[in-house]
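Our numbering puts the first residue of the sequence shown at 268, with every later residue one more than the last.
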Amino acid sequence: MARLWICKYFENFESVLFVNGPPYDTLQMEFTSNNGVVTVSRLVSRDKELLEDEEGYREQSTLLARLVLWYESLCTNGIFSLAKAIEQSIKISRLSKEKEEVGDICAICHEEFRGDEVIGTLKCKHSYHEECIKKWLLLKRTCPICRAVFCLRFT
């Protein structure tokens with residue numbers, strides 16, 4: 268009966284923390300914190316009406332605010348960071364000088380691959396310069412060549 272959906276609009280990134288079955292109400296939570304401690308919190312309904320404390324919403328909003336702060340700290344410290352997930356999902360290798368093939372280019376920057384360069388390969392087996400594909404995947408979630416959807420792994 269509870270669903271917590273944390274939306275980070277500035278990163279265009281959403282996470283569902285838990286789902287315990289429908290139905291659910293959409294509420295807005297407003298809170299302030301000081302050094303990671305929730306100081307003030309409240310839940311507001313869709314029509315901007317403050318929910319009364321007699322229903323136990325103040326306690327729930329404080330608990331949810333703590334959960335959001337915990338989740339944010341995981342993202343900030345790299346456990347759920349997008350950059351870390353991208354890094355873990357790309358196979359990184361180094362081109363050998365002997366196997367350098369003339370004419371192979373990175374489809375992102377259109378520069379030729381040179382021997383001894385670091386490349387990143389997606390599951391679809393397309394390879395790019397490591398930095399090119401990392402920057403690309405921060406903005407888009409598809410392979411630049413075949414448009415295969417890129418899934419993030421949080422480990």
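The C-beta atom is built at its ideal place from N, Cα and C for all residues, glycine as well.
It should be emphasised that the depicted structure is a prediction, and the values quoted were computed from it without experimental measurement.
| Asked | Found |
| --- | --- |
| Rounding to the nearest angstrom, what Cα-Cα distance links Asn301 and Tyr338 in this structure? | 16 Å |
| With H, G and I counted as helix, E and B as strand and the rest as coil, what does DSSP make of Ser300? | strand |
| Leaving out five residues on either side along the sequence, give the residues of the same chain with a beta carbon under 6 Å from the beta carbon of Ile353. | Lys401, Leu404 |
| Counting contacts by CB-CB distance shorter than 8 Å, is Leu336 in contact with chain B? | As a matter of chain content, chain B is missing from the structure shown, which is built from one protein chain. |
| When you compare only the Cα positions, how much space is there between Glu397 and Leu389? | 11 Å |
| Classify Glu326 as helix, strand or coil using the three-state DSSP reduction. | helix |
| So which of Ile375, Ser363, Gln355 has the shortest CA-CA distance to Cys413? | Ile375 |
| Let's see if you can read the secondary structure: which residues bound the alpha helix (DSSP H) around Ile400? | 397–406 |
| Just verifying my parser: in three-state terms, what is the DSSP assignment at Arg333? | helix |
| Assuming Glu378 contacts Leu362 under a Cβ cut-off of 8 Å, what Cβ separation, rounded to an integer in Å, is found between them? | Wrong, their Cβ atoms sit about 13 Å apart, outside the cutoff. |
| Taking only the alpha-carbon atoms, compute the straight-line gap between Arg407 and Arg381 and give it to the nearest angstrom. | Reading off the sequence shown, one finds Lys at residue 407, where the question assumed Arg. Their backbone Cα atoms lie some 26 Å apart in a straight line. |
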